[in-house]
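Here numbering that gives the first Met the number 0 is used: the first residue of the sequence shown is 0, the next is one more, and so on.
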Amino acid sequence: MAEILTREELWGYLNADPPLVQGMVDPDLQVQVDGIELTVRQVARFADAGRIGVSEDERGISRTAVLEFDEEGWIHLPQGCYKALFNEIIAVPRDVVAIARPRSTLLRNGMTVHTALWDSGYVGRSESLLVVYNPYGCRVRKDARLIQLVFFKLSRPVRVGYSGRYSGENIDE
Numbered sequence: 000m001a002e003i004l005t006r007e008e009l010w011g012y013l014n015a016d017p018p019l020v021q022g023m024v025d026p027d028l029q030v031q032v033d034g035i036e037l038t039v040r041q042v043a044r045f046a047d048a049g050r051i052g053v054s055e056d057e058r059g060i061s062r063t064a065v066l067e068f069d070e071e072g073w074i075h076l077p078q079g080c081y082k083a084l085f086n087e088i089i090a091v092p093r094d095v096v097a098i099a100r101p102r103s104t105l106l107r108n109g110m111t112v113h114t115a116l117w118d119s120g121y122v123g124r125s126e127s128l129l130v131v132y133n134p135y136g137c138r139v140r141k142d143a144r145l146i147q148l149v150f151f152k153l154s155r156p157v158r159v160g161y162s163g164r165y166s167g168e169n170i171d172e
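As structure tokens, then:
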């Protein structure tokens with residue numbers, strides 16, 4: 000049975016080598032009672048169609064165009080779908096898995112973030128789908144907290160951690 004890591008346990012993993020999360024804007028604010036909040040580094044709009052097939056060579060990722068924050072660090076996002084890149088680099092140990100939920104402030108403003116699972120062994124600077132449902136759009140500030148990652152301790156470590164296509168993604172940015 001998996002158990003959710005508490006704030007105290009998260010701090011232990013943050014002090015590990017490698018740390019669970021690197022590059023936090025404000026760790027004291029981002030480390031919550033039952034998770035760690037991730038902050039927005041970059042927002043991009045989709046520039047073409049993606050492709051999802053059966054085999055690896057049939058899969059194609061949509062190109063994107065990065066949107067610029069204004070001189071005060073804000074960006075206005077009209078209703079639509081965007082790709083959000085986070086500031087933080089995540090290194091999920093082999094005895095942990097994570098899922099994310101949008102912060103309630105997004106929901107209260109007609110937005111949400113859709114995510115995938117953070118597999119045991121994943122290392123990278125993650126991306127998620129940011130959706131603005133509000134017909135008036137929404138303003139987002141660089142480094143704003145978008146999601147909260149909830150980490151689950153597994154009953155035992157996985158034998159082989161994640162080694163897929165997105166392993167090590169966006170670390171050099």
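Ideal placement from N, C-alpha and C gives every residue a C-beta, glycine not left out.
- Message: So, does the segment 142-153 touch the segment 29-39, judging by three or more C-beta pairs under 8 Å?
- Response: At 8 Å Cβ cutoff, the stretches touch.
message = Tell me whether the segment 129-139 and the segment 66-80 touch, counting them as touching only if at least three CB pairs, one residue from each stretch, are closer than 8 Å.
response = Touching, yes, given that three or more Cβ pairs across the two stretches are closer than 8 Å.
- Span of the alpha helix (DSSP H) holding Ser103? In the sequence shown, the residue the question calls residue 103 occupies position 104. First-last of the alpha helix (DSSP H) with Ser103: Ser103 to Arg107.
| Best match in Ser61, Tyr161, Ala48 and Arg62 for proximity to Gly123 [C-alpha to C-alpha] | In the sequence shown, the residue the question calls residue 123 occupies position 124. Nearest C-alpha to Gly123: Tyr161.
In three-state DSSP terms, what is Leu145?
-> The count along the sequence shown starts at 1 and reaches residue 145 at position 146. The answer is strand: DSSP assigns Leu145 an E or B state.
Separation of Leu19 from Leu13, as counted between CA atoms
Within the sequence shown, numbered from 1, the residue matching residue 13 stands at position 14. Within the sequence shown, numbered from 1, the residue matching residue 19 stands at position 20. Going by the C-alpha atoms only, they are around 5 Å apart.
Report task. Could you give the DSSP three-state label for Gln31: helix, strand or coil? Result -> Mapped onto the sequence shown, residue 31 falls at position 32. Gln31: coil per DSSP, three-state reduction.
Q. So, Val39 versus Asp171, is the Cβ gap smaller than 8 Å?
A. Position 40 of the sequence shown holds residue 39. Position 172 of the sequence shown holds residue 171. No. Outside cutoff.
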